[in-house]
C-alpha cells in the first residue's frame, strides 16, 4: 500500500486491511514446521530458556504468564522431546533448574534462521525509512498494551470477574 493510499483510508478500513495483511503474512503454510510443532506457551518457554541459558521453573511461569503447575507441564513436554533438561538446584532443593539441551539449541537456532528469513522477505520491499517507522511503531506496542491492560484491569476491578 502506498503512503498516499494509506493516508486516504478511513481508520476502521485501515484496521481491517492491516488484519488481512497479517493473515497472509502468518499463513500456516508459510510457517509450517517453523515453530518446532510447539504450542505458543512451549515456544515462549523455550525462548526464555534459550535467552537465559539456565532458569528456574518459577521464572518460566512468570515469563510465559502461567501458573507454576502449567509451566511444569510445559517443561515436561519440552524435556520429553529432548529440548530441555531439568534438575534440582544444589543450593535450594525446592528449586528446579531448566537448561536448553544441545539439540534444543540447534533446533531453536534453525527456527530463528527461518524466522529471520521470512521476516526479511516480508520487509524486502520496504524502504529504509519505512522500516525505521515500522520498528518505531513496533517498539511502542508493549507500552500501549500495558496502558490498555492497566485500564482494563482498573475497569474490571470490583466486578467479581476473574
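In UniProt numbering, the protein residues as written are 1 to 162. Using N, Cα and C, we set each Cβ at its ideal position, and we do this for glycine too.
Exercise. Within this structure, are the beta carbons of residue 86 and residue 75 separated by less than 8 Å?
Worked result: Contact flag set, yes.
Problem set entry | Runs of alpha helix (DSSP H) wholly within the region 21 to 100 (minimum 4 residues, chain order) | Listed in chain order, they are 28 to 31, 40 to 52, 57 to 64, 68 to 80.
Exercise. Thinking just about the alpha-carbon of each residue, which of 98, 111, 135 is nearest to the one in residue 55?
Worked result: In terms of Cα proximity to residue 55, the closest of 98, 111, 135 is 98.
Exercise. In three-state DSSP terms, what is residue 155?
Worked result: Its pLDDT being 40, under 50, residue 155 is placed unreliably in this model, and the coordinates cannot settle the point.
For this session: With DSSP as the reference, label residue 124 as helix, strand or coil.
Result: In this structure, residue 124 counts as coil in the three-state DSSP scheme.
For this session: Report yes or no: do the region 100 to 109 and the region 59 to 74 share at least 3 C-beta pairs separated by less than 8 Å?
Result: The region 100 to 109 is not in contact with the region 59 to 74.
Problem set entry | Close Cβ partners of residue 182 (< 6 Å) along its chain, the five nearest in sequence each way excluded | In the structure as shown, the chain starts at 1 and stops at 162, and residue 182 therefore has no counterpart that could be examined.
Exercise. Cβ of residue 106 versus every heavy atom of the ligand SAH: is any distance shorter than 7 Å?
Worked result: No copy of the ligand SAH occurs in the structure displayed, which carries no ligand at all.
Exercise. Expressed to the nearest angstrom, what Euclidean distance is found between the alpha-carbon atoms of residue 63 and residue 12?
Worked result: Straight-line measurement puts the Cα of residue 12 at about 33 Å from the Cα of residue 63.
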